[in-house]
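Student: One structure follows; several queries about it will come next.
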Amino acid sequence: MLKHQSFTISFLFTPLFYFAQQTELRESVTLKSFNYDVYLQIKKDQSTSKELYVIPNKGDTIKENALVKNVSGEEIHRGLYRLNDTEIHFIDIDLKSNKINQRIYTPNKKGNLKLIKENLNLSAYPNDLPPKFKDNKLPHPVFEGGEIALYLWIEKNIYPVLDQKYKKKDSGNAVLVMDIDPKGSPSFIEIRNLSIAENIKTKLIEIIKKSPAWKTKVNGFDVSGLVFIPIEY
21 MLKHQSFTIS
31 FLFTPLFYFA
41 QQTELRESVT
51 LKSFNYDVYL
61 QIKKDQSTSK
71 ELYVIPNKGD
81 TIKENALVKN
91 VSGEEIHRGL
101 YRLNDTEIHF
111 IDIDLKSNKI
121 NQRIYTPNKK
131 GNLKLIKENL
141 NLSAYPNDLP
151 PKFKDNKLPH
161 PVFEGGEIAL
171 YLWIEKNIYP
181 VLDQKYKKKD
191 SGNAVLVMDI
201 DPKGSPSFIE
211 IRNLSIAENI
221 KTKLIEIIKK
231 SPAWKTKVNG
241 FDVSGLVFIP
251 IEY
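What follows is the structure, given as structure tokens:
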């Protein structure tokens, strides 16, 4: 699979080992003319459920978070990776603290991926994250009609449900979290900083399912994942 001769033996055993671990191939990538397979592996234990990005690597298999949920099913970490011609950058976002960890790997002359840089507890996406975007902001799903249309939709559909319980309470700020799939369909994840009853949550789930589709092709990139929308109550 890899063109470099020194990797032949390790890759001969890859399918049997990784498929036994409930791992599926996500994509193949090329760095410095060396080819690598990126797998998605699912692991569960008593406290967490993890989806991991896995790259078989001679002597040291690389494993990075793609998605981590706690025992209650709440998402606590989200991960992504980005590539340039020579490096693969992994980003791990702590959804509780909103801190970001970055690890960068590149092949050595034998084709072994080596960790060359690590940044921990960042408050924003690192400046060297490839590819380069305007103002160093990653593209994200866009609501049909743009931000103004989104907040009009929130005003019409979300606030009335919350007002059933919170309209007479003290005011504050919260964050609506939704997950946008590759086809643009949204699903409710949570409202942070606001404890909501199950009947309210059920109504929000149904309303968000029926919302307009989001654009997931932005500036030539396919984008999906979590969106965070500030709301007031």
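Each residue of the sequence shown is one higher than the one before, counting from 21 in our numbering. By construction, the Cβ of each residue, glycine as well, lies at the ideal position given by its N, Cα and C atoms. Here the structure is a predicted model, which means the values were calculated and not measured.
Taking N90 as the reference, which of S69, E218, T50 has the closest Cα?
Tutor: In the sequence shown, residue 90 corresponds to position 70, counting from 1. Checking every option, the nearest Cα to that of N90 belongs to S69.
Student: In chain order, what are the residue ranges of uninterrupted beta strand (DSSP E) at least 3 long that sit wholly in the stretch 43–130?
Tutor: Whole beta strand (DSSP E) segments, 3+ residues: 43–51, 54–64, 68–75, 82–90, 95–103, 108–114, 120–127.
Student: Pick from A86, P127, N213: whose alpha carbon is nearest that of D105?
Tutor: Mapped onto the sequence shown, residue 105 falls at position 85. Checked all of A86, P127, N213; the closest Cα to D105 is P127.
Student: Look at the Cβ atom of N85, then the Cβ atom of R98, and state whether they are nearer than 9 Å.
Tutor: Working through the sequence shown from its first residue, we reach residue 85 at position 65. Working through the sequence shown from its first residue, we reach residue 98 at position 78. A contact, by the Cβ cut-off of 9 Å.
Student: Just the Cα atoms here: how many angstroms apart are I75 and K129?
Tutor: Position 55 of the sequence shown, counting from 1, holds the residue named residue 75. Position 109 of the sequence shown, counting from 1, holds the residue named residue 129. Cα-Cα distance, rounded: 18 Å.
Student: Where do the ends of the alpha helix (DSSP H) carrying K281 lie?
Tutor: No answer is possible for residue 281: it lies beyond the span of the chain, which begins at 21 and ends at 253.
Student: Which residues share a DSSP beta bridge with S207?
Tutor: Numbered from its first residue, the sequence shown carries residue 207 at position 187. Answer by DSSP bridge pairing, in chain order: D199.
Student: Skipping 5 residues on each side, what residues in its chain have a beta carbon closer than 7 Å to that of D201?
Tutor: Against the sequence shown, residue 201 aligns to sequence position 181. Only S244 meet the Cβ criterion.
Student: Do I251 and A194 count as a contact pair if the criterion is CB distance below 9 Å?
Tutor: Here residue 194 refers to the residue found at position 174 of the sequence shown. Here residue 251 refers to the residue found at position 231 of the sequence shown. It is a contact, given that the beta carbons lie within the stated cut-off.
Student: For the candidate residues R212, E138, K63, whose alpha-carbon lies nearest to that of I108?
Tutor: For the purposes of this step, residue 108 is taken as the residue at position 88 of the sequence shown. Of the listed residues, the one whose Cα sits closest to I108 is E138.
Student: Report all residues from its chain with a CB closer than 7 Å to the CB of N156; omit the five preceding and five following residues, and keep chain order.
Tutor: For this step, residue 156 is matched to residue 136 along the sequence shown. Reliability of the predicted coordinates at N156 is poor, the pLDDT of 47 falling under 50, and the value obtained from them is presented with this limitation in mind. Closer than 7 Å at the Cβ level, and outside the excluded window around N156, lie Y145, N147.
Student: In whole angstroms, what separates the C-alpha of G131 from that of N177?
Tutor: Translated into the one-based positions of the sequence shown, residue 131 becomes position 111. Translated into the one-based positions of the sequence shown, residue 177 becomes position 157. Rounded to the nearest angstrom, the two C-alpha atoms are 53 Å apart.
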